[in-house]
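Residue numbers (our numbering): 814 to 981.
We put the CB at the ideal spot given by N, CA and C, even for glycine.
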Amino acid sequence: MKSEVRYGLYYGGVSILFMLVMYVTGLNRSSAADYLNYINLFMLAFFIYQWVTEVKLYNEGFIEFSKIFKGGLLMGTVGGIVSSIFFFVQVKFIDTGYMDFIMNKAMMEMQKKGMSDEMIDQSMKMASKWTTPEMLLMMGIVGSLFISSFVAVIMAFIMKKPNPNEIA
Numbered sequence: 814m815k816s817e818v819r820y821g822l823y824y825g826g827v828s829i830l831f832m833l834v835m836y837v838t839g840l841n842r843s844s845a846a847d848y849l850n851y852i853n854l855f856m857l858a859f860f861i862y863q864w865v866t867e868v869k870l871y872n873e874g875f876i877e878f879s880k881i882f883k884g885g886l887l888m889g890t891v892g893g894i895v896s897s898i899f900f901f902v903q904v905k906f907i908d909t910g911y912m913d914f915i916m917n918k919a920m921m922e923m924q925k926k927g928m929s930d931e932m933i934d935q936s937m938k939m940a941s942k943w944t945t946p947e948m949l950l951m952m953g954i955v956g957s958l959f960i961s962s963f964v965a966v967i968m969a970f971i972m973k974k975p976n977p978n979e980i981a
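What follows is the structure, encoded as structure tokens:
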């Protein structure tokens, strides 16, 4: 198995553990949940760092920007797919009230903004089409592509070390 896939599975597993802890403690329904989810960015960066360190051991300490970017993107995508599938199972079969919680939270935000009842009803009808477990699965996978590319670019800039003796 490619080491990028292995680290991606590690990342997905740690993300699942994180989601379970948030679910069991009730943090997934707290106001802190939005901020706690940023921890996933740091977890991905950590696994990219571990992978790059491993690759450098076998390449005399050198690694190209493109290799880090591709590896980080693959890790983030694999981990994102794994954790998105788990999240789908969680909201579809385990925490079935989570979708109602999301919809109620969105409605309260609209009321705070002073939107009319008519506008809120229209927005909620539209939102209900996009906030199904299946749509969240798809958005999770697509979102993992964007987020992992962002983290991978940053890590590649930080950790690249091209071989000066290599002919381009």
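Bounding residues of the alpha helix (DSSP H) (the contiguous stretch that carries residue i)
i      : result
Val964 : Pro946 to Met972
Val837 : Ser816 to Thr838
Ser936 : Asp930 to Trp943
Cβ-based burial, residue i [other Cβ within 10 Å; buried from 16]
i      : result
Ala969 : buried
Trp943 : exposed
Thr890 : buried
Ser961 : buried
Tyr848 : exposed
Leu870 : exposed
Gly956 : exposed
Ser828 : buried
Met888 : buried
Neighbourhood of residue i by C-beta distance below 7 Å, restricted to the same chain and skipping five residues each side
i      : result
Ser936 : Met923
Cutoff 8 Å; reference residue i; Cβ partners in own chain excluding five residues on either side
i      : result
Met916 : Met937, Ala940, Ser941 and Thr944
Glu867 : Ser816
Own chain residues within Cβ distance below 6 Å of residue i, not counting five before or after
i      : result
Ile894 : Ile954
Residue i Cβ short of 7 Å to the ligand HEM heavy atom set
i      : result
Ser957 : Among the components of this structure there are no ligands whatsoever, and the ligand HEM is therefore not found.
When you compare the region 872-880 with the region 970-979, are there three or more beta-carbon pairs, one atom per stretch, that lie closer than 8 Å?
Touching, yes, given that three or more Cβ pairs across the two stretches are closer than 8 Å.
Given 8 Å, three or more beta-carbon pairs between the region 881-898 and the region 909-920
no
Please confirm if the region 891-904 is in contact with the region 831-841, defined as three or more CB-CB distances below 8 Å between the two stretches.
yes
To test your reading of the DSSP string, which unbroken alpha helix (DSSP H) runs of 4 or more residues are found completely within the region 832-919?
846-849, 852-871 and 878-902
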